[in-house]
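Data block below; observations after.
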Amino acid sequence: MGVMIQVPNLSRILCFSFHLILILLQQTTAERELKFVVVVFRHGDRTPIVNFPTDLHKESEWPQGFGQLTKTGMQQLFELGQYMRKRYSTFLNSTYNRQEFYIQSTDYDRTIMSAQSYLSGLFPPTSSQIWNPELLWQPIPVHIFQKSTERRLNFPLPDCPLFDKLQNETQTSSEFQNRIQPYMDFIQTMAVNTGLELNNLKILDNFQLWNTYDTLHCEGIHNYTLPVWATKDVIDKMEKLAELSLLSLFGLYKTEEKSRLQGGVLVNIILNSIKQAANSSKPRKMEVYSAHDTTVGALQIALNIFNGKLPPYAACQFFELYQESNGRYSIEMHYRNDTSKDPYLLTLPGCTSSCPLEKFAELVSPVITENWSKECGKKDNVKDVFIGFDVAVGLLSIFNLVLLYLLYHYGRCRRRSNYQDI
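Going by mature numbering (1 follows the signal peptide of the UniProt record, and there is no 0), the letters in the sequence shown line up with residues -30 to -1, 1 to 392, in that order.
Laid out in structure tokens, this is it:
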């Protein structure tokens, strides 16, 4: 009589295994927790900043004038706000909470309005926050950096003699000259077409080519008539030169030294915010900066994650702080420059895409300076005042001594004269 051996049902085994895998995946996912987010974005679509001498259009033809956010720009930032509402739906509170969220902007109409448009998409009022049933919008404070004191978002940062020196060196460097040489004839032609006096060796000084490309780009987007010479090939070449201008401004030559004086300043601010969040028992959940293409460019070049392209309108750089299952913290970086695609996961060179916080801090340390003014080579105005005061006091003392000496001799001469008269 044979012994019967029961073979478990294969489908039951597969089903059990599948559920086990799902449980393990869920546990693994749950063990990793998002703790803090920093966001830096460029403003939305705007009107041109300036026009060039032969431009067909004047500032008066733009409804709000130059450098202003358009309705398209408002829509772009509203969409970004909606996207982030979905991306962080389980992280951010569904209603605005000032303890959790903070947003800052440069002191420009277009960045302030971009921040406001973004907030209307991120925090539409619900339930008790609805104050007007016919207007699903609520006021949220946008904190402004004054232009006179702003030292973190509006790049390039001014009043830095060493950076100016590095810029002059860049324009005569082999790295830059090798890139610009193929465009020399084109630049001369552009000088004639635009009416601009373009100095081949000074094209980075005043952003003339960059601004000219930007003006034509804006006019093209809004269906303004372009000059006959502004063909697609010409505009494509101008775009390449604008990209070269951005790269050369913050990198290409002595990138680390430049970054310490420019984008590294913002890297340090972001890193300090992340460290503070990691060390706080109840950290703020999100900090947002509304800024410019040069802000995003300077930041990415300092981190060595720049793709060489001009950051488009509403381009957004994310920094996400996670607490891993072992209790340690890591940073992920994502870049959103195309609304039709998910943000690109970026990797800091020398680390993994999910970079341990300590490693991240170590890798970015070469672009962080402890004393920006001193490294820039700026004079200590307070010290100069005291030195000037000391010099003035010294000169006054010398003047008093000379005066006393003259008075003394004058007195002696008077006494001698009186004696002779007697």
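Even glycine gets a Cβ: it sits at the ideal position worked out from N, Cα and C. Only a predicted model underlies this, so the values are computations on that prediction, with no experimental measurement involved.
Beta-carbon proximity of residue i to residue j, cut-off 7 Å
| i | j | result |
| --- | --- | --- |
| Tyr66 | Phe93 | yes |
| Gly91 | Gln151 | no |
| Phe11 | Cys286 | yes |
| Met54 | Ser87 | no |
| Arg57 | Gln38 | no |
| Phe6 | Ala331 | no |
| Ser143 | Tyr223 | yes |
| Val337 | Asn181 | no |
| Leu211 | Leu179 | yes |
| Thr317 | Ser323 | yes |
| Ala272 | Gly320 | no |
| Tyr183 | Glu209 | yes |
| Glu1 | Ser251 | no |
| Ile110 | Asp77 | no |
| Lys207 | Phe156 | yes |
| Phe125 | Thr265 | yes |
Three-state secondary structure (DSSP) of residue i
| i | result |
| --- | --- |
| Lys348 | coil |
| Ala247 | helix |
| Cys188 | helix |
| Ser64 | coil |
| Val7 | strand |
| Val361 | Low local confidence applies: a pLDDT of 45 at Val361 is under 50, so the model's placement there is unreliable, with the coordinate-based value given in what follows. Residue state, collapsed to three classes: helix. |
| Thr76 | strand |
| Phe177 | coil |
| Gln232 | coil |
| Arg149 | helix |
| Ala268 | helix |
| Glu70 | coil |
| Pro326 | strand |
| Leu132 | helix |
| Leu26 | coil |
| Val204 | helix |
| Thr339 | coil |
| Thr159 | helix |
| Thr119 | coil |
| Asn124 | coil |
| Phe48 | helix |
| Leu89 | helix |
Buried or exposed (CB count within 10 angstroms, at least 16 for buried), residue i
| i | result |
| --- | --- |
| Ile73 | buried |
| His262 | buried |
| Tyr314 | exposed |
| Val8 | buried |
| Gln232 | buried |
| Leu257 | The amino acid occupying residue 257 in the given sequence is Glu; Leu does not appear at that position. Buried: at least 16 other Cβ atoms inside 10 Å. |
| Asp75 | Going by the sequence as given, residue 75 is Ser instead of Asp. Buried. |
| Gly267 | buried |
| Asn148 | exposed |
| Lys344 | exposed |
| Gln158 | exposed |
| Val162 | exposed |
| Ile301 | buried |
| Met303 | buried |
| Gly32 | According to the sequence provided, residue 32 is Trp. The question's Gly does not apply to it. Label assigned to Trp32: buried. |
| Met83 | buried |
| Val198 | exposed |
| Thr40 | buried |
| Met154 | exposed |
| Ser229 | buried |
Paired residues, beta bridge with residue i - DSSP
| i | result |
| --- | --- |
| Leu316 | Met303 |
| Ser97 | The partner list for Ser97 (beta bridge, DSSP) is empty, contrary to what the question assumes. |
| Met54 | Per DSSP, none; premise fails for Met54. |
| Ile114 | Ser75 |
| Met256 | Val7 and Phe71 |
| Phe288 | Val9 and His304 |
| Ala261 | Arg12 |
| Leu39 | Arg16 |
| Gln293 | Glu3 and Tyr299 |
Nearest-angstrom beta carbon gap, residue j and residue i [assumed within contact, 8 Å]
| i | j | result |
| --- | --- | --- |
| Leu62 | Gly14 | That pair is no contact at about 21 Å. |
| Leu236 | Leu123 | 7 Å |
| Gly347 | Leu132 | 5 Å |
| Thr185 | Asp25 | 7 Å |
| Arg69 | Arg306 | Looking at the sequence provided, one finds Gln at residue 69 rather than Arg. Not confirmed; about 26 Å, so no contact. |
| Leu291 | Tyr283 | Wrong, their Cβ atoms sit about 27 Å apart, outside the cutoff. |
| Phe289 | Ile240 | 6 Å |
| Ser215 | Thr140 | 11 Å between Cβ atoms; not a contact. |
| Thr309 | Glu49 | 6 Å |
Any non-hydrogen atom of the ligand NAP closer than 6 Å to residue i Cβ
| i | result |
| --- | --- |
| Phe220 | Within the structure as shown, the ligand NAP is missing, as the structure has no ligands at all. |
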